[in-house]
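These notes are about the structure you will find just below.
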Amino acid sequence: MKFYSFNGAALALMERSLREGIDPDEGEILRVDPTFPTKSKLSKTGRVQKWREIKSKLVLDQDFVAHCEAPNHRLPAREDIERIFRQSHLRTNPECDSGASSSHRPWRETWELISSMYQTNVKKFGITREGFEHQLDTCSCKVSVTPAQPQTAQTTADGNDESESEDEFVGFPDESDSDSEGSETESYDLFEEMDISVRDPKAGIKIHTRPRTVSRHDYQNITISRDTLEEHIENLSDTHNVHLKVVHTQKTTVSMKIRDNETIHLLGTMKTFACHRAGTPRRKRLCKRRRRKSRAVGCSFRVKVFTPNDESQPLQVRLYPHHCNHTPGSEEDSCYMPVHQTVKQVATDCLGVGMTVQQTSNMLQSMQQSGTIEIINKGRWRTTLTRKELTQLQYEMRCSKRVHQDDWVGTYAKAERLRDQGVCIFFQEYDPDNDDPDKRPFVLVLQTEWQRQAAERFSPNSVWTVDSTFGLNSYGLPVFSAVVPNQNRQGLPIFYLITSNDKKTKHEETGVRIGFEALLERMSARPNAIIIDKSLTEKRAIESAVQNDPLSWEDGTQSKCHLLLCWFHVKKAWTENLLPKLEGQMAADVYEKLCGLMMHPTWQGFEENLVQFYSEFENAQQVTKYMRGWDCDEWRSMWVRAGRMFPHGDTDTTNLVERHWELIKYTTLNGRANHRLDVLMDALIGNPDDGTFHGGQSSVGFYMEKQKEVDMGLHSARATVAERNRQSRAEMYMQAHSKDSSVLRLQSEALLLFKIKSSSKKGVRYNVCLTTMICDCSDNFNNAIICKHICACRLYVHKFKPHLLANIAPPDARNPTSFLVPNCGSSTDNTDETTESQVPTPESSDNSAGKHCCAASYKQHTGP
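Rendered as structure tokens:
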């Protein structure tokens, strides 16, 4: 609802709210006025929020409510508009008996009487135009009937007004209009006249808002020679203060009269030039990221140039020199014009010598005021740059300095080295003029041996999440990656793909398809599903690659690599494309129904609820039409839960790959963008010489170390509080070892035997064996858990003896009960606050058989 006016009950409630200072609840507002607007369509307290917003703009007088900017004009109730109109419009004749006869005031006098007492600005909750128009139509005086044609202002070809009616209605004033003079004998429809024209108070000229359809008879025809076309277009632009752009070109036939009764038909090309503000205005909700008015306002200025195919014939230029809906050369009009090349060059020179954006802006203003910059037609060009444009220009200059002519040479050389090492599994140079479309794009696919092994290990019965990112390289090339979850549901990148994406070509789609074909050809394992966002490029490319993959099909049926849509992007598409078109409650209901449809586990239930969905919203055509696109065979199985009722790693979004890109951008690359391609390759997989990135970890190196820790049991998918406490105590052991090396000692590298001090009892040491994952503390034997001593010893090996990591047994290989002898007891020391026992010795008679066996293995390497 754009404007709101109170009814009697709502106005009384607002008066009580202003007097008592208490806001009503949602139900009370709905009871007094069900049409009261809401602040947010999806909020349960939207009406209360809107009530508070309106209340903040109102004030309370002695006996009425008024707007704070007009405290002397009371707000009218919708039910009182008819009474207010009758009291102001009817004028009793005092000469008649008992007031039996009354005359009707003109509309302007009626309006002045109403606006002197009541609020008449619709933006301030006053009487609306529709309400006043309705009262005029229902009145018996028929003031809006038009028996005679009014004399309205008409614009000549020169842009001046030939005539202007004194009583021309230019719209209702916002508030009282006591200074305006009106005729008392109006005889035409005021509101139809208001829709025809409007006055621009700044320009002082008449601007048509509803231009009639322009026919060919309205054009001025001129014949010029072919060599003077550019000069003629320039002269037209300077004369009429217009920046022309080509909007249409077509082959056509034009009739030209050469003599009085002789006409010839010429075949040629008609090129149409239009004003830079021509075109259909875009609605605000379509301009999501631009909080400003649309550039296109439907200006009718046109220049048509007909070029005959016969070169002996001259050119025909047709001109319609009338603007509409904007004022050429105005400040509001100039922000949509392109910047003059001279101004842009001056700004580039200033930024190039190290001046800041603010200094450059000040320099441009001073040069224009002093006349240093040449005189520029402001009707065609813009002479200023905004701060944002200067910042973008500065950014482009910085990016251009990063691009060097040797970048591609270095990239090709590094790709060749990586291909020799087996890391680059596919490489194709950029050749846009090749006859074969598959040979045109630049394609680079990187996969280390560790990535291939991780993909082979975790892909079966799991899923790949695929997505691309931009801004990593100075050429703006997209970088693709696929991530597979490991045993702890943490993502591991299994390959990287870089391809060209030239405009108006299919380089990106072709490059992704070729890269996936090379990846699938190298691997023997296949995931059950591949999750993508709503990118058609990825969808078509991966579908084409899987279509030719024999391991993804069994007996003509696809069994692997099913394409699924990310549920987050599906809901995002609904909230961006459908819900803004609906009203609050309907939008909430539609979103709830769509989420219910998406989560159906069976196709039968989905079909039943889909039929119910269509029947419930059959009157909302935009809802049913939008839903038909999601319900087609191409997309249905990709977003409904019934289409993914198979093992797919319990993953339904692309969050894993999004998290991976975040780590690369802000950790590996330290938040810097637009790197050279060869530098980016080092950041992703490491330098060919030592596998590092500037001496540190590359992206693949980071995930290699992380996966090693996961395999050692240092990270748990669902770690309990006790497990986290044991891990933190193990880290405290390592801190203590850095100060005192006697806290933890390695006795044998072959068997990975350790002696470690107790953290709660003095003089007590425990024996740890990492090859069997055994410790002789009470936690390890009695409670059958991996204690903090084993965790500390693993951290020691990981930090000081990384070459022994392969000898550590996996966490699930520990089975302390296999060392226990039946019918043999075990003693525990309950005095240790951390449930640890003293070190067992061979002479101890109360030790269990399991502890004897464990101690026996230490005896030849350690003392008691």
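In terms of the UniProt record's numbering, the sequence shown has 251 at position 251, counting the first letter as 1, and numbering is strictly consecutive. By construction, the Cβ of each residue, glycine as well, lies at the ideal position given by its N, Cα and C atoms. Quick caveat, the model's predicted, so the values are computed rather than measured.
Going by C-alpha positions, G8 is about 18 angstroms away from R52. S544 is bridged by DSSP to nothing; it lacks a bridge partner. Of all C-beta pairs linking the region 46 to 60 to the region 6 to 24, three or more are shorter than 8 angstroms, placing the two stretches in contact. Three or more Cβ pairs closer than 8 angstroms define a contact, and the region 435 to 452 meets that threshold against the region 511 to 523. By the 16-neighbour rule on beta-carbons within 10 angstroms, K788 is buried. Secondary structure of C424 (DSSP, three-state): strand. For V242, the three-state secondary structure derived from DSSP is coil. Apart from sequence neighbours up to five positions away, the residues of its chain that approach L663 with a beta-carbon distance below 8 angstroms are S699, F702, ordered along the chain.
If you compare the alpha carbons of Q369, R522, T348, K799 with that of L551, the shortest gap goes to R522. Judged by beta-carbon spacing, I530 lies beyond the 9 angstroms limit of L492, meaning their Cβ atoms are not closer than that value.
Per DSSP, reduced to three states, the secondary structure at E634 is coil, with no helix or strand assignment. Relative to H232, the option among Q316, E311, V297 whose CA is nearest is Q316. Where R318 is concerned, there is no enclosing alpha helix (DSSP H), although the beta strand (DSSP E) around it starts and stops at 315 to 320. The alpha-carbon separation between G691 and C424 amounts to approximately 14 angstroms. Using a Cβ distance threshold of 9 angstroms, V339 and T391 do not count as a contacting pair. With a minimum length of 4 residues, the unbroken runs of alpha helix (DSSP H) contained wholly in the region 8 to 73 fall at 8 to 20, 26 to 32, 46 to 55. Counting along the chain, M270 sits inside the beta strand (DSSP E) bounded by residues 263 to 275. Per DSSP, the beta-bridge partners of M256 are I264. Collapsing the DSSP output to three states places R765 in a strand. P308 is the residue among P308, L244, L684 whose C-alpha sits nearest the C-alpha of T223. The closest CA to that of L565, considering only R489, Q558, G643, N488, is found on G643. When T38, F480, F458 are compared, the shortest CA-CA separation from S468 is found for F480. Here the region 409 to 416 lies against the region 675 to 694, with 3 or more beta-carbon pairs under 8 angstroms apart. In terms of CA proximity to L579, Q622 leads the group Q622, G686, V254. Taking H248 as the centre and dropping the five residues before and after it, the same chain places the C-beta of T272 closer than 6 angstroms to its C-beta, in chain order. By the C-beta density criterion, E416 is exposed, having fewer than 16 other C-beta atoms within 10 angstroms. Per DSSP, the unbroken alpha helix (DSSP H) holding W567 starts and ends at 567 to 577. For N362, the enclosing alpha helix (DSSP H) begins and ends at 357 to 370.
Residue R387 holds the alpha-carbon nearest to the alpha-carbon of T360 among R387, A482, S760. Residue pairing for Y496: DSSP places it in a beta bridge opposite L446, S481. Just measuring C-alpha positions, the residue of E82, L75, V305, T252 sitting nearest V122 is L75. The alpha helix (DSSP H) runs of length 4 or more contained entirely in the region 677 to 729 are, from start to end of the chain, 677 to 685, 699 to 711. Collapsing the DSSP output to three states places T771 in coil.
The DSSP assignment places complete alpha helix (DSSP H) segments of no fewer than 4 residues inside the region 120 to 145 at 129 to 138, in order along the chain.
Taken through DSSP and simplified to helix, strand or coil, H340 comes out as coil.
Straight-line measurement puts the Cα of R318 at about 6 angstroms from the Cα of V305.
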